[in-house]
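In our numbering, the protein residues as written are -3 to 93. The beta carbon of each residue, even a glycine, is placed where N, CA and C say it ideally should be. Here's the structure, in structure tokens; my notes come after.
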């Protein structure tokens, strides 16, 4: 923590509150870069928000995955899990093993 802050040129007090640290970091150039995706989103009025890839609370597909897994674990067969959680849009036959 303290070493990284020094590498970025921050002179931190020994005991700094998180809110104060966030304010300090928010104006540092290393944390104010904008990438091509954000620029493109802004062009079309879309705010791009980056989240951790597989975060179970922030990524909607992860929530669906776990709901399916719990249903399957509780005895619902695979075909019904697909039908329940994916609207039965697939007309293909399902195979279980």
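{"Item": "In chain order, what residues of the same chain have a beta carbon less than 8 angstroms from the beta carbon of residue 4, not counting five sequence neighbours either side?", "Value": "24 and 26"}
{"Item": "Please classify residue 39: does DSSP put it in a helix, a strand, or coil?", "Value": "helix"}
{"Item": "Which stretch, first to last residue, makes up the alpha helix (DSSP H) that contains residue 22?", "Value": "14 to 22"}
{"Item": "Please go through the region 60 to 87 and give each complete alpha helix (DSSP H) segment of 4 or more residues, from N-terminal end onward.", "Value": "74 to 81"}
{"Item": "Do you know how far the Cα of residue 71 is from the Cα of residue 46?", "Value": "36 angstroms"}
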